[in-house]
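Read through the structure below, which is laid out as structure tokens, and then see the notes.
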Amino acid sequence: MRPSEALSLHRTQIREIALSHRVNSIRVFGSALRGDDVPGSDLDLLWWSPPRKQP
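Right, here's the structure in full:
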């Protein structure tokens with residue numbers, strides 16, 4: 141399965157996992173974004189979460 145297909149299939153679950161880890165923004169880049177990924181390609185993700193507050 142191509143990473144872009146897996147991403148489409150599991151988008152909701154990926155979003156739920158990201159939110160549970162305080163990830164506010166997650167972006168796909170690379171071959172999966174361009175649509176030229178193949179089975180065995182990696183999935184490039186860029187994510188951001190706010191810094192944790194110090195006690």
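Counting along the sequence shown from 1, when you hit position 19 you're at 159 in the numbering used here, and nothing is skipped either side. Ideal Cβ positions, reconstructed from N, Cα and C, are used throughout, including at glycine.
* Sub-8 Å separation of Met141 and Pro179 beta-carbons -> yes
* To do: Tell me whether Pro143 is buried or exposed, calling it buried when 16 or more other Cβ atoms sit within 10 Å of its Cβ.
  => buried
* List the residues that DSSP assigns as beta-bridge partners of Arg167. => Leu186
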